[in-house]
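Start counting at 1 in the sequence shown, then tack on 5, and there's your number in the numbering used here. No residue lacks a Cβ here, since even glycine has one placed at the ideal position from N, Cα and C.
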Amino acid sequence: MDADRVANLLPNQFGGILLGSLIAADFNSTADQKITIFSNPSKYIIRRIVVTNASASLSTAAGGIYTAVSKGGTAVVAAAQAYSTLTGSTLFLDLTLNTSGNANITVKSSIPNLYLSLTTAQGTAATGDVFVYGDILTL
């Protein structure tokens, strides 16, 4: 990186770039919820997806993250992902990335967003924040 240039994409405390987020995701909905990928990179690698700030205990919610709506495209996180360890707003959960068949999940700009799509809704009002971290290969 040029020492005289100010960059807006800096590594964060997790050692990767914040690629995208969904604040106040509705964990009581099975509808597709868009996770916006910032800066629309042409190629990036997802290294970590974190859910935190749960407004209620997510004892029932389960579902995955996909590259297309209606649970389409590639399942970045499997449909069976449980969120039950999130029992309060100060806890976090690293989701299990589905790396079978898609080594490190390299995504191209033709897929500028990801989608949280629950298989099982919580059953009562509940929200949480979703953060996607990784490496940008090319802008």
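For Asp7, count neighbouring Cβ atoms within 10 angstroms of its own Cβ and tell me buried if that reaches 16, exposed if not. The predicted position of Asp7 is uncertain, since its pLDDT is 49 and thus under 50; no value can be drawn from it.
State the Cα-Cα distance for the pair Ile50 and Phe136, rounded to the nearest angstrom. One C-alpha to the other measures close to 14 Å.
If the criterion is Cβ atoms closer than 8 Å, does the pair Ala67 and Ala85 meet it? Taking 8 Å as the Cβ cut-off, Ala67 and Ala85 qualify as a contacting pair.
According to DSSP, which residues form a beta bridge with Thr41? Its beta-bridge partners are Ser26 and Asn118.
On the DSSP letters alone, give me the boundaries of the beta strand (DSSP E) that Phe136 sits inside. First-last of the beta strand (DSSP E) with Phe136: Thr132 to Thr143.
For Gly77, count neighbouring C-beta atoms within 10 Å of its own C-beta (all shown protein chains included) and say buried if the count is 16 or more, exposed if not. When all chains shown are included, Gly77 counts as exposed.
Spell out a yes or no on whether the stretch 31–42 and the stretch 92–106 are touching, meaning 3 or more CB-CB pairs, one atom from each, closer than 8 Å. Because the criterion of three Cβ pairs below 8 Å is not met, the stretch 31–42 and the stretch 92–106 do not touch.
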